[in-house]
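Everything below concerns the one structure shown next.
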Amino acid sequence: MENFFVESPENGGLGEKKFRAKQVLQWIHQRGESDFSAMSNLAKNLRQILIEKTQISLPPIIKNHLSDDNSRKFLFDVGNHNAVESVYIPEKTRGTLCISTQVGCILDCAFCSTGKQGFHRNLSTAEIIGQLWQVKKYLQDFQNFHENSQKIFERKQISNVVLMGMGEPLLNFDATISALNLMLDDNAYGLSRRRVTVSTAGVVPQIYKLAEQCPVALAISLHAPSDDLRNFLVPLNKKYPLKELFAACQYYLQFAPRDFITLEYTLINNINDQENHAKELVKLVKKYNIYCKFNLIPFNPFDAVDFQAPTAKNILKFSQILQDAGFITTIRKTRGDDILAACGQLAGQVKDKTARTARLQNNLQNSKNLQNLQSKKITIFHNKQSHKNKENT
Ligand code: SAH
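The opening position of the sequence shown corresponds to residue 1 in the working numbering, with each subsequent residue numbered one higher.
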């Protein structure tokens, strides 16, 4: 965006001062302003030029649902009858937004519903950051910002962001990095690196790149204590087996904002939730000497697969073995499962994709629903003259 402002008009830029780019960044991402004409500290003619040459556009919210446990799922239209989802999870001490990075997913983990719908495309930076913008707007979370750039000392509603929605963030690397940079930028969302988490199934080369380019908190979707079992549950393991994955984790820890990596482990009844799996897991992590915390996720059943949720007894036993071995272990509360917003259930009933698409079309045509849509189009900041997909965020 800065380049676009400072480049001369002959080169397709605006020929403006650098700080103007910062002002626009602040208006959009700090104050939640999507109308150039309201950006009062910009000269009137600059506002007019921005209106003519650029576009602020956002993925429209198709609908949102509140779960019994207060988590709220947002469904976004990303064109071509595709939708992605974000889930807002409010807790006593923090509010977490879980966002998507791809439409569908190529990895096809055995227990994940997103994988069952196949891969459609990467989201752009604007579509990734646009989920955060839209939910912040919905929650009136931009209002904590004062005219004179002083933050009101109110708790932010969205204090944490996790890239744990649909898709594999590290397979959409460039757009993800740009979106992360905006989340961290003090002139934009100003989140600390410790409060932004990338979750990956283990794309090893990109873990190294993330360490070097934008180290944020890292979560690895482990799910199995051995290569054999992991090959079955997370097919990506055949390409990047545990030894390589843990070597990448070791490297990452030198750059990480936290001194541990979170290991996510989805417990599936009789598949990976037995005592021997927990003991093997302890051995594995000790062998590679990785500082980690465990996050156990009880499997959320959905129609397209035969797996079952683990029993409460097995969850507790599994967790106890890890804790007895000295590991901090949390059991993720299943949130939002009444609205299919729980882990692996995002963008819902994939078994019936045609019906889902038809429903989406219906929603879009339904004028009543349309009243709820934000009318702006897709990218957050977009030079109308530049290449269609080239963004200036
Ligand atoms: N591709 C990334 C992020 C998306 S998945 C990754 O693999 O980490 C986010 C988390 O939800 C992962 O740990 C994933 O394994 C877990 N998950 C997916 N489907 C699930 C299901 N049906 N039940 C419980 N957890 C699931």
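Heads up, the beta-carbon is just placed ideally off N, CA and C, and yes, glycines get one too.
What is the rounded straight-line gap between the Cα of residue i and the Cα of residue j?
| i | j | result |
| --- | --- | --- |
| Leu75 | Ile99 | 11 Å |
| Leu97 | Asp306 | 29 Å |
| Asn289 | Val24 | 46 Å |
| Gln394 | Lys279 | Outside the displayed range of the chain (1 to 393) lies residue 394, so it cannot be described from this structure. |
| Leu360 | Pro59 | Reliability of the predicted coordinates at Leu360 is poor, the pLDDT of 36 falling under 50, and no value is obtained from them. |
| Glu91 | Phe299 | 21 Å |
| Asp69 | Glu7 | 50 Å |
| Pro301 | Tyr240 | 27 Å |
| Ile315 | Val234 | 21 Å |
| Gln250 | Lys283 | 16 Å |
| Glu244 | Asp108 | 20 Å |
| His65 | Glu52 | 36 Å |
Should residue i be listed as close to the ligand SAH, given that the test is whether its C-beta is under 7 Å from any heavy atom?
| i | result |
| --- | --- |
| Met39 | no |
| Gly167 | yes |
| Phe260 | no |
| Thr96 | no |
| His29 | no |
| Asn289 | no |
| Leu242 | no |
| Thr266 | yes |
| His223 | yes |
| Asn300 | yes |
| Ile106 | no |
| Thr176 | no |
| Phe111 | yes |
| Thr330 | no |
| Thr311 | no |
With a threshold of 16 other CB atoms inside 10 Å of the CB of residue i, please say whether the residue is buried or exposed.
| i | result |
| --- | --- |
| Arg194 | exposed |
| Ala38 | exposed |
| Pro225 | buried |
| Ile328 | exposed |
| Ala126 | buried |
| Ala358 | With a pLDDT of 39 at Ala358, under the threshold of 50, the modelled position of that residue is not reliable, and no figure is offered here. |
For my contact list, residue i and residue j are in at a C-beta cut-off of 8 Å; report their separation, rounded to the angstrom.
| i | j | result |
| --- | --- | --- |
| Val103 | Val87 | Not confirmed; about 16 Å, so no contact. |
| Leu191 | Val161 | 6 Å |
| Ile128 | Ala179 | 4 Å |
| Ile56 | Ser40 | Incorrect: roughly 16 Å between the Cβ atoms, too far for contact. |
| Leu267 | Ile220 | About 16 Å; that fails the 8 Å criterion. |
| Leu218 | Ala256 | 6 Å |
| Gln416 | Asp141 | Outside the shown range of the chain, which is 1 to 393, sits residue 416, and nothing can be said about it. |
Unbroken beta strand (DSSP E) runs of length 3 or more, entirely within the stretch 97-163: which are they? You should have 102-104, 119-122, 160-163.
Every unbroken beta strand (DSSP E) within the stretch 252-286, with a cutoff of 3 residues, ordered by chain: For the stretch 252-286, whole beta strand (DSSP E) runs of length 3 or above, ordered along the chain, are 261-267.
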